[in-house]
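Below is one structure; the comments refer to it alone.
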Amino acid sequence: MSPEIIRLIAASTLDTLYMVAAATAIGTVIGLPLGVFLATSKRGELLSAPLANSVLGIIVNATRSTPFIILTVSIIPFTRLVAGTSIGTTAAIVPLAVAATPFIARLVEGSIREVDQGLIEAARAMGASPVQILAKVLVPEALPGIVLGLTLAIVSLIGFSAIVGVVGGGGLGDLGIRYGYQRFMPDVMAAVVLVLILLVQGIQSLGDALSRKLNKRVRHG
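Each residue of the sequence shown is one higher than the last, beginning at -6 in the working numbering.
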């Protein structure tokens, strides 16, 4: 493999990391509070607002139900409005963040719902306000699960980032298509797949280790 191809793989890997990191950050900033709200706003729950819960739930489900490649193409005008272009790594962050937000929201919702109801009742009995229960009981107790959920989201975004290469999004997917498929260079395709596998493996291992460290129920040696 020529030094030029190695340089392209390294640059494409950095592009992929840039897209995934930015999309994860945006998705977490919006998806985390959205997930907490979805988990606590049904009728009779901590932040009871059933109508808002239903509306947001429908929007989240609709976004998650849309295949990513269709979502990417259908929001091109919005992508162009936000990024100034629909081509390139920065533009690809827009559909990635739109896809990541409802996914992260549902993962956070699931983690929050797994918190022992007895802890919430105990906090209520001690006079804690809903905000205090959220900040001092629900989110800290759900944190290991949230970390695992974010790990899953990042791994999924790495896969999605390869898909945006089909529509000129840049990164490893774009490199694999342009060189591995269109120019019939199987060694480049194999290298791209290998880098993607290593990225996923490293992020999953890091997420698992961080989750175990945050889990108070796991005894640390």
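Built from N, CA and C at the ideal position, the CB exists for glycine as well.
A Cβ-Cβ separation of about 10 Å leaves residue 169 out of contact with residue 159 under the 8 Å criterion.
Under the three-pair Cβ rule at 8 Å, the region 172 to 188 does not count as touching the region 106 to 121. Setting aside the 5 residues that flank it on each side, residue 139 is surrounded in the same chain by 101 and 104, each with a C-beta closer than 7 Å to its C-beta; the list follows chain order. Within its own chain, the residues whose Cβ lies closer than 8 Å to the Cβ of residue 67, once the five positions on either side in sequence are excluded, are 59, listed in chain order. Here residue 24 is near residue 97, since their CB atoms are less than 8 Å apart. In the three-state scheme derived from DSSP, where H, G and I count as helix and E and B as strand, residue 108 is classed as coil. Comparing C-alpha distances from residue 203 to each of 178, 181 and 136 shows the shortest one belongs to 136.
Note on residue 142: 16 or more other CB atoms within 10 angstroms of its CB, so buried under the neighbour-count rule.
The residues 8, 11, 12, 162, 163 and 164, in chain order, have a CB closer than 8 Å to that of residue 82 in the same chain once the five nearest residues on each side in sequence are set aside. Between residue 154 and residue 89, the CB-CB gap stays under 8 Å.
Here DSSP, grouped into helix, strand and coil, assigns residue 208 to coil. The closest CA to that of residue 93, considering only 207, 22, 46 and 106, is found on 22.
Residue 110 and residue 129 have their alpha carbons spaced roughly 14 Å apart.
Residue 40 holds the alpha-carbon nearest to the alpha-carbon of residue 131 among 40, 192, 205 and 14.
Only exposed fits residue 54, as fewer than 16 other CB atoms lie within 10 angstroms of its CB. Distance from residue 106 to residue 57 at the Cβ level is roughly 17 Å; contact not present, criterion being Cβ atoms closer than 8 Å.
Pairing residue 36 with residue 26 gives a Cβ-Cβ distance that is not under 8 Å.
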